[in-house]
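Undergrad: All letters in the sequence shown, in the order written, are residues 767 to 902 by our numbering.
All C-beta atoms in this analysis are idealised placements derived from N, C-alpha and C, irrespective of residue type, glycine included.
Only a predicted model underlies this, so the values are computations on that prediction, with no experimental measurement involved.
So that we are looking at the same thing, I have put the structure below in structure tokens.
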Amino acid sequence: MSLFLIAAMLAGAPATAETVIGRWKTETHNAIVEIARCGPSICGKILTSDALRANPSMKDANNSNTALRNRPIQGMQMLSGFKPDSDGVWSSGQVYNAEDGKTYSGKITPLGANQLKLRGCVFFPLCKTQTWTRVR
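Structure follows, in structure tokens:
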């Protein structure tokens with residue numbers, strides 16, 4: 767089998783969890799999010815951001831659930847419940863936005879080994895998409 771044929775087959779293979787596992791820099795606020803396996807799904811927690819570098823003890827003050835407003839942002843899970851689709855996309859997940867204290871439905875699409883697209887929606891088509899870059 768030629769090297770070209772093998773490369774073509776691999777290019778069409780669906781992404782695995784390992785494709786998105788790791789640390790990612792967000793498009794805004796210079797945040798770093800670590801994505802990991804959480805049972806059969808993947809989840810992600812906030813490691814740092816511009817605001818956290820300025821105030822490491824920042825709390826989740828905008829959370830719509832008043833009982834959670836005192837939890838620290840650093841280390842907080844912001845991505846949860848993403849399940850793999852047959853095409854390598856991770857969907858049916860939730861994205862928590864600490865800026866407005868709301869949770870949105872989410873979808874993660876790998877864009878090769880070093881980028882991913884995260885889409886969060888109030889309801890379709892009211893969505894916002896960011897491209898994140900892998901941090902090594």
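1. Is the distance from the Cβ of residue 870 to the Cβ of residue 844 below 7 Å?
2. For residue 895, which beta-bridge partners are listed by DSSP?
3. Taking only three categories from DSSP, how would you classify residue 813?
4. Quick check: what's the CA-CA separation for residue 800 versus residue 867?
5. Pull up the distance between the alpha-carbon of residue 880 and that of residue 849, whole angstroms please.
6. Look up residue 875 in the DSSP assignment and give the residues it is bridged to.
7. Nearest-angstrom Cα distance between residue 889 and residue 858?
8. Does DSSP put residue 902 in a helix, a strand or coil?
9. In this structure, how does DSSP classify residue 803 when only helix, strand and coil are distinguished?
TA: In brief:
1. no
2. 885
3. strand
4. 20 Å
5. 20 Å
6. Paired residue(s): 883.
7. 12 Å
8. The answer is coil: DSSP assigns residue 902 none of H, G, I, E or B.
9. strand
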